[in-house]
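J.: Pasting a structure here, questions to come.
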Amino acid sequence: MSCNNCEIDLFNGILQFATDDAILELYYNHGMLLRSIDCPVCGQTCVKSGIYFRCQKTWRISIRDGRDTVRLGGEGIIVEIDEAKLGKRKYNRGRIVDGVWVFGGIERFTGNSFMVAVPDRSSATLLGTIRDRILPGTTIISDCWRAYDCLAQHGFQHLRVNHSLNFVDPTTGAHTQNIERTWKEVRDNIPTYGRREEHMEAYLAEYYFKKKYSVILRMHYFMNFISELYNPSSG
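Under the working numbering, think of the first position of the sequence shown as 57, with each following residue one higher.
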């Protein structure tokens, strides 16, 4: 029996781990373990027994084929972009942890988006990411950060909104409210305590995983992603 796009809510997900046999059946059905293998000595088919499975939760695989490959925008399509400092916090005695710069964009109407940790907000850094993630001819809306001044020279239509004066530009109607709203969602997903800067990409990946899959489908897809990352047939 193989998985047929199962839908498992939290309660039934817990029941799946009630016994060793139930756990193994779940792993088998999602391709995480092989029911049988060919003996490397004689070539005969043999059945595995006494299996101990150890899994490390890795979120990045869940968005490898989505967030990391799809380019946003195109002719006549609007993409809002922005950068934000995530993870900044203040410890006791006034010690401040700087956090990590994250650059992101969101496509109007579809809601497709990307977010990546970046070392800085320089024009070279942000332009490189923009060209990797956004198609030429896209109408890009940003704030007035100087790193974006060159966008029109690289095949993009560029609209700005001066946030020190207006949230919405009174002349063009340009705004970045969608990307600003997305930053709030991402911040809500980052742990309040115990978070680490080096885990920022993992926090972003977890956010995208939860955004893409409803609660009832997360168990199914998470198991599938584990089977891709730790393919049992590869040795």
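Quick reminder that beta carbons are idealized off the backbone N, C-alpha and C, glycines included.
Remember, it's a predicted structure, so these values are computed and weren't measured experimentally.
Among the residues of its own chain, which have a CB less than 6 Å from the CB of Asn-245, if the five just before and after it don't count?
T.: Excluding sequence neighbours, Asn-245 sits near Tyr-263.
J.: Under the DSSP definition of a beta bridge, which residues are partnered with Val-174?
T.: In DSSP, Val-174 forms a bridge with Trp-157.
J.: Measure the C-alpha to C-alpha separation of Ala-140 and Arg-274 and round it to an integer number of angstroms.
T.: Those two C-alpha atoms are separated by around 28 Å.
J.: Among all the DSSP beta bridges, which residues are the ones paired with Arg-187?
T.: Arg-187 pairs with nothing; no bridge assigned.
J.: In whole angstroms, what is the alpha-carbon distance linking Leu-128 and Thr-248?
T.: In a straight line, the C-alpha of Leu-128 is about 31 Å away from that of Thr-248.
J.: Taking the Cβ atom as the reference point for each residue, do Ile-137 and Ile-235 lie within a distance shorter than 8 Å?
T.: It is a contact, given that the beta carbons lie within the stated cut-off.
J.: Count the other CB atoms, across all protein chains shown, that sit within 10 Å of the CB of Phe-165; report buried if there are 16 or more and exposed otherwise.
T.: Under this definition Phe-165 is an exposed residue.
J.: Output the distance between the C-alpha atoms of Val-135 and Thr-238, rounded to the nearest integer angstrom.
T.: So the alpha carbons of these two residues sit roughly 13 Å apart.
J.: Note down the Cα distance separating Ile-162 from Asn-222, rounded to an integer number of angstroms.
T.: When rounded, the distance between both Cα atoms is 20 Å.
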